[in-house]
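Number of protein chains: 2
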Amino acid sequence: MTDRPRSIWLRPERTGRGPVPEHDRAGITAAAVSLADAHGLGAVSMRRIAAELGTGPASLYRYVDSRDELLELMADAVAGEVDLSRPPSGNWRADLVALAHQVRAAYRRHPWLLDLVPGRVGIGPRAVDQLEHALAALAGLDVPGPVKLEAVAMLNGIVALAVRTELQAGGSATAWSAAQGEFLGAVTSAGTHPHLAAALAGAPPAAEEDLLDRILPRMLAGLLEP
Amino acid sequence: MTDRPRSIWLRPERTGRGPVPEHDRAGITAAAVSLADAHGLGAVSMRRIAAELGTGPASLYRYVDSRDELLELMADAVAGEVDLSRPPSGNWRADLVALAHQVRAAYRRHPWLLDLVPGRVGIGPRAVDQLEHALAALAGLDVPGPVKLEAVAMLNGIVALAVRTELQAGGSATAWSAAQGEFLGAVTSAGTHPHLAAALAGAPPAAEEDLLDRILPRMLAGLLEP
DNA sequence: ACGGCACTGGGTACGCTGTTCGCAAAGAAC
DNA sequence: GTTCTTTGCGAACAGCGTACCCAGTGCCGT
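Sequences listed follow chains A and B, in order.
Here the UniProt record's numbering is used: the first residue of the first sequence is 1, the next is one more, and so on.
Here the UniProt record's numbering is used: the first residue of the second sequence is 1, the next is one more, and so on.
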């Protein structure tokens, strides 16, 4: 007696018996994603999704084992938005930077992705395809496999960091960032922490220069070149 | 009429009037931290903390405006665990790597820190001290201030990433990582995704070699050297 | 063709959460 | 001594994820 797979990705959506379902994972995921896009991750509750679909909260559990699984579906759905059709060009740095730009675009379209704790939401099939794509670009490099994985993980981390800072800089509308700015201002004007004050006072880099283009190649070089 | 400060760090704990409080922020924070250490961040609810302190849930709101503020107190409390007494040595790389080791130790003592979304929990006074310490080590470098800030942010990101992977590798006891491993195994044995399979099959680096020592200097070099 | 069974829909309900309100008691300020 | 601010906290509210149960539905084996 083999157990039912614990991973949602190995669990078939339908076994064939019984009445044909009125919904499916894709539809539920789409509803959840549009809800998150519109009102943030906090608005993604089973009840709201169900209401959006015109059904009851309990019905969703026919398609998903838990809310966390639904979050995984959402994350993988947006992972599927990046285009992986272009084969490796031979220039791995350019390939990875291009990938990073696409991932950043996805993050910008779905800022709630930043609220998903990276270690708690797992890797789905689209994310795996993305990973394979990145590793294919690195295929020519004579570097241990785990080191390549680290480099790709760092790439994702950098993209998330970049989007986070650019969102914080752009919109200080939230009460949270108001409080944050209030405190940071008090600290810098207090005179203690001179290095911090100096660093914050430094002119930001030219707007045209892209953070990804500036940082990523240097960092990848540090990680992947001997 | 000036508004009351939105940041908890600028709000005095006591104004002097009324009866003397039975608790204080430090005590509440300590209770919350020990609760999180023992049973994870999910166990940190206002009711449980209050019960631990022998009081009612509503009483906590005399000391803290919201649960999120309490999380900030917790994060800053562990940020205070790192020792910043050693002045810059003149070797900024060594200084930053040493700082990273201390931060990693703090993460290991309090793994729930990884569950705090980095962008949502703000920077408190201890974290600011830490930042100042790192910037002091970089004082001699002729590099724009914002670039230094980026580098320090990346340093923190790497430490978090490192602890996350080592915790996932160490304990696959949770149902989540079981599901994750199940899916990843299915993918690699399916034959699609050859690069991923190869990367995962690669021998892990020698256990003695420290991830921080291996990765950090190279990455910092990539970010901070011309 | 048909009986049985595996499945779906969804109302109801449980236990938990963060948070607000209101009131009694306590102590500093004038 | 009066006044005013602050504290403790029981009660309650709205919302959450999720388990349970029952009725209905359509495929499968015979």
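Note that the Cβ used here is the ideal one computed from N, Cα and C, for glycine as well.
The model shown is predicted, which means the values in this text are computed figures rather than measured ones.
About 13 Å separates the Cβ atoms of V44(B) and L53(B), ruling out a contact at the 8 Å cut-off. Counting the other CB atoms within 10 Å of its CB gives P118(B) a total of 16 or more, which places it among the buried residues. Taking the Cα of G157(A) as reference, the smallest distance to any Cα among S66(A), T188(A), L116(A), R6(A) is reached at L116(A). Using a 10 angstroms sphere on the CB of G170(B), the tally of other CB atoms stays under 16, which defines it as exposed. Assignment of D213(A) by DSSP, reduced to helix, strand and coil, places it in the helix class. When only Cα atoms are considered, G56(B) and L113(B) end up about 26 Å apart. From the listed residues V97(A), Q130(A), A179(A), the smallest Cα separation to R11(B) is found for A179(A). For G80(B), no chain A residue has a Cβ inside 9 Å of its Cβ, as the nearest lies near 15 Å away.
Just measuring C-alpha positions, the residue of P217(B), L211(B), L184(B) sitting nearest I8(A) is L184(B). Distances from the alpha-carbon of H133(A) to those of L149(A), G122(A), D142(A) put L149(A) closest. Excluding its 5 nearest sequence neighbours in each direction, S59(A) has C-beta neighbours in its own chain below 7 Å: A50, listed in chain order. In the DSSP assignment, R17(A) falls outside any alpha helix (DSSP H), carrying neither H nor E. Contact annotation: V82(B) and V64(B) have beta-carbon atoms that are not nearer than 8 Å. Contacts between M219(A) and chain B, judged by CB atoms closer than 8 Å, involve M154, M219, G222, L223 in chain order. Under the three-state reduction of DSSP output, A139(B) falls in the coil class, being neither helix nor strand.
In summary, no residue of the stretch 34-55 of chain A has a CB separated from any CB of chain B by less than 7 Å.
Under the three-state reduction of DSSP, E225(B) is assigned to coil, being neither helix nor strand.
By the Cβ rule, the stretch 128-144 of chain A counts as touching the stretch 79-97 of chain A, because three or more pairs are nearer than 8 Å. Scanning chain B for C-beta atoms nearer than 7 Å to the C-beta of E132(A) yields H193, H195, L196, reported in chain order. Counting the other CB atoms within 10 Å of its CB gives G191(B) a total below 16, which places it among the exposed residues. Contact between L211(B) and L131(A) fails: their C-beta atoms lie close to 19 Å from each other, not under 8 Å. Nearest Cα to T15(B) within the set R62(B), I28(B), M219(B): R62(B). A26(B) counts as exposed, since fewer than 16 other beta carbons sit within 10 angstroms of its beta carbon. At a Cβ-Cβ threshold of 8 Å, A127(A) and A79(A) count as neighbours. Annotation for Y107(A): the continuous alpha helix (DSSP H) segment containing it runs 92-109.
In the three-state scheme derived from DSSP, where H, G and I count as helix and E and B as strand, Y63(B) is classed as coil. By the neighbour-count criterion, in which a residue is buried when 16 or more other Cβ atoms sit within 10 angstroms of its Cβ, E69(A) is buried. Distance between A175(B) and A199(A), taken at the CA atoms: about 44 Å. Going by DSSP, A51(B) is part of the alpha helix (DSSP H) stretching over 46-53.
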